Every structure is written in structure tokens, then in C-alpha cells.
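Data block below; observations after.
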Amino acid sequence: MSVPAVKILLTDGSSGLGAMLTKALEAESFDLYVVGESELAWDEPEIFLDLLKTYQPDFVINNAGWASAPTEAEQQILLAAAKTVASGCALTKIIPIHLSSYRVFGADHKASYAEFDSPVPVTDAGRAYQQAEEYFSEAIEHWLCLRMAWVLGSWPGNTLTNLLGALVGGETLTVNQAYPGAPTTDHDIARILVSVIRQVSCGAQNWGVFHYCSGDDCSQAEFATAVASILEQDGVLNGQVDIVDREPGEGEAGSAVLSCRRIGDNFGVQARSWRQGLHTMIKLWLRENGYN
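Just so we're aligned: 1359 in our numbering is position 239 of the sequence shown, and the numbers increase by one with no gaps anywhere.
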């Protein structure tokens, strides 16, 4: 007798990360439903509840409103979607996996952050991410949250493509040698989500907040220099990197590094280096933007 496919509902497939997750999940043996951009309003929870009752997914991956640096409009979507998804999953007993960000931290200027550290955000985006998490923690006992660091992809608006656009476009970028982060490819995030879903589907009772980022952190300046070096090899480096070394000021986070021990202990996943596939990802961006 064949085992029914795990049913997953993804709350946003139109964003850069959402489009990549859609492709990655479709490549697995999942039954995937992706909420359309104009299918529902996130401030109408009864419509989402009807969707859950109709489709009856095993998991909801909530990435609505997620962005590397969410705008005010994206923050509003993030909050409305989190509240609606949390209440809907609580009523239907469906397991949500909420995507969050290192931006919930920062005010205490630690070198890295573990799951047991109390969120103390320094920006409006960070406070929105914190509030979104609280909607889930207050409504549901069995839920998962994946906080991520610098997410890299070929789609616009992330740490990598912002760098590429500036350096290929001839700008001078000021980057900080004293600001550490952990670049993480979007495909690596998809790998982690697939592993978590499969294990929970098989009975793993691991709930709450988990961190994931690359296995080797680096400074903002080190990452920018690595990207510039690849662009120079490919003959398309037109800008330059200006490196400074200064401590974070008021209203700035001190680190974008996350400790990933808990997800390793509970799900057995191993962190990968951000250097794996970086050149391939850059070549893809250059090709998509007409540079080679």
C-alpha cells in the first residue's frame, strides 16, 4: 500500500524566496499548495481557515511577508499573515513552520545568538519579526520556527544580489570588518525544511524555535570581498569595496550570526559553508541580468 504524500501549504510563492521554495518542494514527493498572491487578504482569517479546511495540509510553511530587510508594507503582511496562520493552525491542529530572522536580536550586541537568548530587536523590522513569532508561541503548542541569517539567492533584494547590483553597477560599497554574519543559500534553507518536515512526519516531537545558518561565519567585509573577487575573475567588477572597522552604533545590530546547535541535536542536520555554490549562484544572476 502506498503512503499518501505529505501535504504542504506555502503561504507565499511570489517572492524570491517563495518562488525558490516552490521549485524545491515540487521536486520532492510532497503534495504542494501555494497560496496565490491575490487569493486572500491576510486580515480576513476566516478565508484562510476555509482554505485550511478544504485543502487539509499536514504542514503550513509561513513565509508571507518574509524579506531580508522587510519594508513597512512587508512588515504589515508579515504580522497579519502570522496572526492569521497561527489562529487557523490552532483551530485545525495543523503544524505551522514559521520563517523568521536573526533581526529579532541585536540590542545586546552579542557575537552570536542561540535559541534561548531573549529577542531584543533594534529595528522596526526586528520588532515585527519578534511579534510574528509571539503570535505562534501564544496560540500553538506544536509549532516550529526557523530563524535565518543572511539568506542568499539570485532573486532581488537579498544580501548577495544587493552586493552584485552595486559592484557590477560601478558603486563604491562601504562594508564593516567588525560586523559578522553567516551567509546561507536559499537552497540550503530548502534542504533544512525538507529534512525537518520528513522527520516530523515520521513522528519526531521537536517543537519551538530553531536557528539555521551556514557553518562558517564571516565579516560583512569578508563576504563582500569574496563576491568582488568572483566578479573580477568574470571580468564584470566595476565598483569597489571600501572596508571600515567600527563597532555598531545606536540602533544597529552587533551580529547576524546564529548558533545552530539545537537543530543539529534535534534533527541531525549539518551546516554547510556559504562558499559552496557561491560562484554558481553569481553566474546565474549575471546570466539572468544580461551580463554574460
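Virtual Cβ for every residue (Gly too), placed ideally from N, Cα, C. Everything numeric in this text was worked out from a predicted model, so none of it was measured.
In this model, Cys1333 and Asp1132 are separated by some 22 angstroms (Cα to Cα). Scanning Ser1207, Ala1210, Ala1348 for the CA closest to the CA of Gly1290 turns up Ala1348.
Here Cys1380 carries a coil assignment [DSSP, helix/strand/coil]. Counting only residues of its own chain and dropping the five nearest sequence neighbours on each side, Ala1144 has a CB closer than 6 angstroms to the CB of Ala1310.
In this structure, Ile1128 lies away from Leu1160, with their beta-carbon atoms at least 8 angstroms apart. Going by beta carbons, Gly1359 and Thr1294 fall outside the 8 angstroms limit. In the three-state reduction of the DSSP assignment, Phe1225 falls in the coil class. Between Ala1269 and Ala1193 a beta carbon distance of about 23 angstroms is seen, past the 8 angstroms cut, so the two are scored as non-contacting.
For Ser1220, the CB contacts under 6 angstroms within the same chain, skipping 5 residues up- and downstream, are Tyr1249, Glu1253, Cys1265, Arg1267 in chain order. Relative to Ser1257, the option among Ser1207, Leu1137, Leu1272, Asn1278 whose CA is nearest is Ser1207.
For His1307, the secondary structure class from DSSP, reduced to helix, strand or coil, is helix. Here the C-alpha atom of Ala1187 lies approximately 8 angstroms from the C-alpha atom of Asn1278. In this model, Gln1340 and Tyr1299 are separated by some 6 angstroms (Cα to Cα). Between the alpha carbons of Ser1232 and Thr1174 lies a gap of roughly 42 angstroms. Ser1274 is a Cβ neighbour of Glu1408, given a cutoff of 8 angstroms. Nearest neighbour of Gln1319 by Cα position, chosen from Phe1179, Ala1201, Glu1370, Ala1286, turns out to be Phe1179. Taking a C-beta distance under 8 angstroms as the contact criterion, Asp1306 and Leu1137 qualify as a contact pair. Just so you know, the alpha carbons of Ala1125 and Glu1148 end up roughly 10 angstroms apart. When only Cα atoms are considered, Gly1301 and Pro1165 end up about 36 angstroms apart.
Apart from sequence neighbours up to five positions away, the residues of its chain that approach Trp1394 with a beta-carbon distance below 6 angstroms are Pro1303, Ser1334, ordered along the chain. Bridge pairing for Tyr1233: Leu1378 [DSSP].
Leu1313 and Phe1387 have their C-alpha atoms some 11 angstroms from each other. Every unbroken stretch of the beta strand (DSSP E) spanning 3 or more residues and falling wholly within the stretch 1269-1314 is given here in chain order: 1292-1296.
If you keep only unbroken beta strand (DSSP E) runs of at least 3 residues inside the stretch 1121-1158, you get 1127-1130, 1151-1154. For secondary structure counted as the beta strand (DSSP E) over 3 or more consecutive residues, the stretch 1328-1385 holds these complete runs in sequence order: 1328-1332, 1360-1364. About 11 angstroms separates the CB atoms of Ala1344 and Val1364; that is not less than 8 angstroms, and the two are not in contact. The C-beta of Lys1213 has fewer than 16 other C-beta atoms within 10 Å across all chains shown, which makes the residue exposed. Under the DSSP assignment, Val1180 falls outside any alpha helix (DSSP H), being part of the beta strand (DSSP E) whose first and last residues are 1179-1182.
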